[in-house]
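A.B. asks: One structure is given below, represented as structure tokens, and several questions about it will come after.
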Amino acid sequence: MEKDKMLSFNIDVDLAEKFELALILNKENSEDVITRLMIQYVSDSFSKASKAFTVQPTVRSNYLSDEDVNYAKANRKIPIWALKPQQNNHRILKAFFELEEEIGFVSIDELAKKCSNPTDYPYTFSSDFKGNFAQMKTDASNSHGKVFVVNDDIVEVWDEIKEVLMESKPLFIRDTEGGSRMTKITNEMVEIAYDYAKKVYSNELTRNEGKLEVAKVSGMNAGSAQDFITDFLAMMEGREYHRTMSNYGTTYFLKNIKKDFGDESFLLALEATEKHIKYYNSLGYGQLKAKEEIVKGLRSSK
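Following this line, the structure appears as structure tokens:
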């Protein structure tokens, strides 16, 4: 009796190259991997078909609904995205991981900014962030596959694909030529950024010099350092700013502006923060309720 059967078929050249690279990374051979995947596919298919027969015994069909076929389909796609740094989904996930590492959480606004600015963030720029991100929040038949859920304004990884995504994380966060890894912003970094922002405000340093000094002294990413300085200067003039600080950063900046520059500047800083909150809330991603409470509390205590 014949034990083996040869199968021959054509696949995309790019996919074949990535598959061969993945085999090298995992130190496996193609026959074992393909056999394992086929076994899993057959097992899953018969399992689903069996459930269909059990639930509807009078229906003689093993047809799988679109919902069954597409459920958590990103599990099949993530390993491929991980190997394609120019692909939009790869860039969005790279931005997500970098923001999570930098500030400990990811807001939709920060993710949108990091994926929409080709000048400051060329390695996470997505030509159509809104469209691609929307495709990554659903398992609809024509979607990319559900990866994210958004609770209020915070972006989180969907539990159903989290294990596969974490396995591929190193490929998303590896250094890109000319790029740099993000560093989590600590309270100490925020305080250093404030000190140098004051020097920029008093014309002791240019914005660029201040940014570079913050990065050098604190280890903060230069782009983030620039954002803190820009926010500080906007606060001092009562202008709307767009870069969302942590709650600690917002509180620290406001309290120290009052201490260092007096009530008039403090009121302008509060006004700027309120404009920022209004701007952010208008985006439709969520509400900056914690910052609203910070401003309310500081206004009542002035």
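No gaps in the numbering here: position 105 of the sequence shown is 979 in my numbering, and each next residue is one more. For glycine and all other residues, C-beta sits at the position ideal for the given N, C-alpha and C. It should be emphasised that the depicted structure is a prediction, and the values quoted were computed from it without experimental measurement.
With 16 other CB atoms within 10 Å as the buried threshold, where does R1173 fall?
C.D. replies: exposed
A.B. asks: Cα separation between M1109 and N944?
C.D. replies: 48 Å
A.B. asks: So the beta strand (DSSP E) V1029 belongs to, where does it begin and stop?
C.D. replies: I1028 to V1031
A.B. asks: Going by C-alpha to C-alpha distance, which of N991, R1113 and F979 sits closest to R965?
C.D. replies: N991
A.B. asks: So, for A890: in the same chain, excluding its five sequence neighbours on each side, which residues have a beta-carbon less than 7 Å away from its beta-carbon?
C.D. replies: Closer than 7 Å at the Cβ level, and outside the excluded window around A890, lies no residue.
A.B. asks: Rounding to the nearest angstrom, what Cα-Cα distance links A956 and L895 in this structure?
C.D. replies: 12 Å
A.B. asks: Can you tell me where the alpha helix (DSSP H) holding V1074 begins and where it ends?
C.D. replies: According to the DSSP assignment, V1074 belongs to the alpha helix (DSSP H) that extends over N1061 to Y1075.
A.B. asks: If you follow the alpha helix (DSSP H) that V887 is in, where does it begin and where does it stop?
C.D. replies: V887 to N900
A.B. asks: Assuming F1003 and A986 make a contact with CB atoms under 8 Å, what is their CB distance in whole Å?
C.D. replies: 6 Å
A.B. asks: Put E980 into one of helix, strand or coil per three-state DSSP.
C.D. replies: Before going further, note that residue 980 is Val rather than Glu in the sequence given. When DSSP states are grouped into helix, strand and coil, V980 belongs to the coil group.
A.B. asks: Please report the residue range of the alpha helix (DSSP H) in which V1169 lies.
C.D. replies: Per DSSP, V1169 belongs to the alpha helix (DSSP H) from K1163 to S1175.
A.B. asks: Within a Cβ cutoff of 8 Å, which residues of the same chain sit near Y1075, ignoring the five residues on either side of it in sequence?
C.D. replies: F1106, L1107 and M1110
A.B. asks: Beta-carbon separation of N949 and V1038 under 8 Å?
C.D. replies: When the beta-carbon positions are compared, N949 and V1038 come within less than 8 Å of each other.
A.B. asks: Which of the three DSSP states is assigned to N1130 in this structure?
C.D. replies: helix
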